[in-house]
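Peer 1: Just passing along the structure, written as structure tokens.
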Amino acid sequence: MISYVTAFIDLSQKPFVLHPHPHEDELLSSWLVRVSVAHDTMPCSLMNMHFPEYKNIIFSRDLDVWANDDLLAKLSIKSNLPAETLFSMTLQSYRGILQKKILTNTGNNMLSPIVSRARKNQKHGLKYCPLCLAEDSAPYFRKIWRVSFYSVCLTHRILLLDKCCKCKKPISFYKFKDDAGFTKCWFCGQKLSLCTSIPVADNEYLAIKKLSDIILDKKYKYANQEISVLDFFTVYHQIAKILNPHSSPSNRLNPCESLKLSIRFWEEFDNLLNGKNISATTQKSVLSKDMTYIPAFYKKKLDTL
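In case it helps, the working numbering puts the sequence shown at residues 13 to 317.
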């Protein structure tokens with residue numbers, strides 16, 4: 013039974029008694045919630061007792077973005093896990109891949125924001141696959157689900173969800189009422205694994221798989237050339253800005269809108285590689301507008317237009 017701690021014990025010099033091993037591609041925040049559940053203690057309470065210097069901070073911000081070297085070093089001692097392993101569970105591990113820097117004090121173009129206030133997420137940036145949660149022996153939330161364009165579960169070929177299917181509230185998995193609530197909506201109690209989603213077509217699946225493979229391979233190949241992963245996603249973000257018909261930034265689109273944008277990106281990116289302009293604009297200057305860094309392959313293509 014999960015307990016709400018009313019009398020805090022100083023555990024700053026003690027290791028975690030129980031620390032389940034991280035799953036493949038698990039978010040740091042997801043793992044820490046599972047650690048807390050293993051201790052039958054609410055996540056905020058357990059973190060406050062083990063890290064009094066971070067009292068009421070760890071789950072009050074976007075932990076997966078801001079977790080610093082000091083916190084990771086202390087978590088390493090508590091769990092006997094290498095700090096490198098813990099770092100790989102944060103969104104900072106996408107630094108130099110999706111973006112040159114992952115910012116901690118503002119939004120990131122390639123990551124879906126959650127905007128946490130009072131330990132409740134205000135934005136729908138935490139996506140999930142209900143079938144993954146249903147099939148996991150120990151349910152957990154994946155790091156890749158926080159990437160802005162990642163809108164399809166490549167295992168089940170369904171659209172990811174970004175809210176409770178019953179009350180439509182954003183997901184805040186570290187806020188729950190009992191040990192069965194890790195994957196239940198904190199507001200209405202709906203079991204997220206019972207939510208339904210829609211299957212995607214082959215072209216929709218392939219659009220996301222190609223982008224996902226570039227993250228894994230850390231490069232993109234075309235015409236016997238290799239483009240660095242950072243250069244590719246720099247161009248992806250620029251073209252997505254041009255194609256996005258919405259007033260909201262592309263990293264705040266819902267999964268359905270994001271999927272449509274990714275499909276259009278591949279269509280227009282292929283046009284660009286073949287020496288054609290992007291159909292959304294006839295002005296060549298727009299293609300590099302506001303870019304502080306223009307990858308060499310992209311500049312070369314723009315020069316031929």
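Glycine residues also receive a C-beta, built at the ideal position from the N, C-alpha and C atoms.
Every value quoted in this text rests on a predicted model; they were computed, and no experiment measured them.
Can you confirm whether the region 41-50 touches the region 103-116 when touching is taken to mean that 3 or more C-beta pairs between the two stretches lie within less than 8 Å?
Peer 2: no
Peer 1: Identify, in the order they occur along the chain, each residue of the same chain with its Cβ nearer than 6 Å to the Cβ of Cys200, setting aside the five sequence neighbours on each side.
Peer 2: What you label residue 200 is simply residue 188 of the sequence shown in a count that begins at 1. Closer than 6 Å at the Cβ level, and outside the excluded window around Cys200, lie Lys178 and Cys179.
Peer 1: Short of 6 Å in beta carbon distance, which residues of its chain neighbour Val77, apart from the five on each side in sequence? Order them along the chain.
Peer 2: By 1-based counting over the sequence shown, the position of residue 77 is 65. If we look at Val77 and ignore the five residues flanking it on each side, its Cβ neighbours are Leu103 and Thr116.
Peer 1: Is it true that the region 155-169 meets the region 203-220, where meeting means three or more beta-carbon pairs spaced less than 8 Å apart?
Peer 2: yes
Peer 1: Pro64 to Ser24, Cα distance in whole Å?
Peer 2: Translated into positions along the sequence shown, residue 64 becomes position 52. Translated into positions along the sequence shown, residue 24 becomes position 12. The alpha-carbon atoms of Pro64 and Ser24 are separated by roughly 7 Å.
Peer 1: Does Asp229 pass the burial test, meaning 16 or more other C-beta atoms within 10 Å, or should it be called exposed?
Peer 2: For the purposes of this step, residue 229 is identified with residue 217 of the sequence shown, where counting begins at 1. Around the beta carbon of Asp229, fewer than 16 other beta carbons sit within 10 angstroms, so the residue counts as exposed.
Peer 1: Since Leu206 contacts His168 with CB under 8 Å, what's their CB separation in whole angstroms?
Peer 2: For the purposes of this step, residue 206 is identified with residue 194 of the sequence shown, where counting begins at 1. For the purposes of this step, residue 168 is identified with residue 156 of the sequence shown, where counting begins at 1. Actually they do not touch by this definition, with Cβ atoms about 14 Å apart.
Peer 1: With a threshold of 8 Å on Cβ separation, who are the neighbours of Asn266 within its own chain once the five nearest residues in sequence on each side are excluded?
Peer 2: In the sequence shown, residue 266 corresponds to position 254, counting from 1. Counting only Cβ-Cβ distances below 8 Å, and skipping sequence neighbours, we find His136 and Asp174.
Peer 1: Excluding the 5 residues flanking Asp148 on each side, which residues of the same chain have their C-beta closer than 7 Å to its C-beta?
Peer 2: Position 136 of the sequence shown, counted from the first residue, corresponds to residue 148. There are no such residues.
Peer 1: If we count the other Cβ atoms within 10 Å of its Cβ and call it buried at 16 or more, is Asn68 buried or exposed?
Peer 2: As a first step, residue 68 must be located in the sequence shown, where it is residue number 56. Answer is exposed; the Cβ neighbour count stays below 16.
Peer 1: Please give the ranges of any alpha helix (DSSP H) in the region 137-223, keeping only runs that are unbroken, at least 4 residues long and fully inside the region.
Peer 2: Along the region 137-223, the alpha helix (DSSP H) occurs as fully enclosed runs of 4 or more residues at 142-147, listed in sequence order.
Peer 1: For a quick check, are the C-beta atoms of Leu273 and Asn289 less than 8 Å apart?
Peer 2: If you number the sequence shown from 1, residue 273 lands on position 261. If you number the sequence shown from 1, residue 289 lands on position 277. No, the pair does not count as a contact, with Cβ atoms beyond the cut-off.
Peer 1: Give the range of the alpha helix (DSSP H) segment to which Ile109 is assigned.
Peer 2: For this step, residue 109 is matched to residue 97 along the sequence shown. Note, Ile109: premise wrong, no alpha helix (DSSP H); not H, not E.
Peer 1: According to DSSP, is Glu36 part of a helix, a strand, or is it coil?
Peer 2: Taking the first residue of the sequence shown as 1, we reach residue 36 at position 24. If DSSP states are grouped into helix, strand and coil, Glu36 belongs with coil.
Peer 1: If the criterion is Cβ atoms closer than 8 Å, does the pair Gln250 and Met303 meet it?
Peer 2: Within the sequence shown, residue 250 is the residue found at index 238, counting from 1. Within the sequence shown, residue 303 is the residue found at index 291, counting from 1. In this structure, Gln250 sits near Met303, with a CB-CB distance shorter than 8 Å.
Peer 1: Is DSSP giving Lys311 helix, strand or coil here?
Peer 2: Numbered from its first residue, the sequence shown carries residue 311 at position 299. Lys311: helix per DSSP, three-state reduction.
Peer 1: Give the secondary structure of Ile239 by DSSP, where H, G and I count as helix, E and B as strand, and everything else as coil.
Peer 2: For this step, residue 239 is matched to residue 227 along the sequence shown. Three-state DSSP puts Ile239 in a strand.
Peer 1: With distances taken from CA atoms, which of Lys181, Asp282 and Leu145 is nearest Trp198?
Peer 2: Taking the first residue of the sequence shown as position 1, residue 198 is located at position 186. The shortest Cα separation from Trp198 among Lys181, Asp282 and Leu145 belongs to Lys181.
Peer 1: Could you spell out the range, first to last residue, of the beta strand (DSSP E) harbouring Lys233?
Peer 2: Position 221 of the sequence shown, counted from the start, is the residue given in the question as residue 233. Segment Lys231 to Tyr234, the beta strand (DSSP E) holding Lys233.
Peer 1: Which of helix, strand or coil does DSSP assign to Leu30?
Peer 2: Walking along the sequence shown from the start, residue 30 turns up at place 18. Looking at Leu30 - three-state DSSP - the assignment turns out to be coil, as it is neither helix nor strand.
Peer 1: Quick one: what's got a C-beta closer than 8 Å to Asp22's C-beta in the same chain, skipping five residues either side?
Peer 2: Residue mapping note: residue 22 aligns to position 10 of the sequence shown, counting from 1. Counting only Cβ-Cβ distances below 8 Å, and skipping sequence neighbours, we find Met61 and Pro64.
Peer 1: Between Leu98 and Leu172, is the Cβ-Cβ spacing less than 8 Å?
Peer 2: Translated into the one-based positions of the sequence shown, residue 98 becomes position 86. Translated into the one-based positions of the sequence shown, residue 172 becomes position 160. Cβ atoms of Leu98 and Leu172: not closer than 8 Å.
Peer 1: By DSSP, does Leu98 sit in helix, in strand, or in coil?
Peer 2: Taking the sequence shown and counting its residues from 1, the one referred to as residue 98 is at position 86. If DSSP states are grouped into helix, strand and coil, Leu98 belongs with the helices.
Peer 1: Between Asp37, Ala50, Glu36 and Val127, which has its C-alpha nearest Leu30's C-alpha?
Peer 2: As a working mapping, residue 30 is identified with position 18 in the sequence shown. For Leu30, the nearest C-alpha among the options comes from Ala50.
Peer 1: Kindly indicate which three-state DSSP category Leu284 falls into: helix, strand or coil?
Peer 2: The residue given as residue 284 occupies position 272 in the sequence shown. Leu284 falls in the helix class under three-state DSSP.
Peer 1: Taking all protein chains shown into account, decide if Ala308 is buried (16 or more other Cβ within 10 angstroms of its Cβ) or exposed.
Peer 2: In the sequence shown, the residue the question calls residue 308 occupies position 296. That one is exposed.
Peer 1: Leaving out the 5 sequence neighbours to the left and right, which residues in its chain are closer than 7 Å to Leu75 when beta-carbon positions are compared?
Peer 2: Sequence index remark: in the sequence shown, residue 75 carries index 63 (1-based). These residues qualify, in order along the chain: Leu40 and Ser41.
Peer 1: Please return the same chain residues whose Cβ sits closer than 6 Å to the Cβ of Ala146, not counting the five positions on each side in sequence.
Peer 2: Within the sequence shown, numbered from 1, the residue matching residue 146 stands at position 134. Excluding residues within five positions, the ones whose Cβ falls inside 6 Å are Ser205.
Peer 1: Between which residues of its own chain and Ile170 is the CB-CB distance below 6 Å, once the five residues before and five after are set aside?
Peer 2: Within the sequence shown, residue 170 is the residue found at index 158, counting from 1. Once the five neighbours on either side are set aside, the close Cβ partners of Ile170 are Ser209 and Pro211.
Peer 1: Taking the beta carbon of Glu38 as the centre, do at least 16 other beta carbons fall within 10 Å, making it buried, or is it exposed?
Peer 2: Numbered from 1 along the sequence shown, position 26 holds the residue referred to as residue 38. By the neighbour-count rule (16 or more Cβ atoms within 10 Å), Glu38 is buried.
Peer 1: Which same chain residues end up closer than 6 Å to Met13 when comparing Cβ atoms and leaving out the 5 residues on each side of it in sequence?
Peer 2: Taking the first residue of the sequence shown as position 1, residue 13 is located at position 1. Confidence at Met13 is low in this model, with a pLDDT of 48, below 50, so the placement of that residue should be treated as unreliable; the coordinate-derived value is given next. Counting only Cβ-Cβ distances below 6 Å, and skipping sequence neighbours, we find nothing.
Peer 1: Residue range of the alpha helix (DSSP H) that Lys86 falls in?
Peer 2: For the purposes of this step, residue 86 is identified with residue 74 of the sequence shown, where counting begins at 1. Run containing Lys86: Asp81 to Ser91, per the alpha helix (DSSP H) assignment.
Peer 1: Please confirm whether Val187 and Thr195 have their CB atoms less than 8 Å apart.
Peer 2: Counting from one through the sequence shown, the residue named residue 187 turns up at place 175. Counting from one through the sequence shown, the residue named residue 195 turns up at place 183. The residue asked about is misnamed: residue 187 is Lys in this sequence, not Val. Result no, Cβ atoms of Lys187 and Thr195 do not sit closer than 8 Å.
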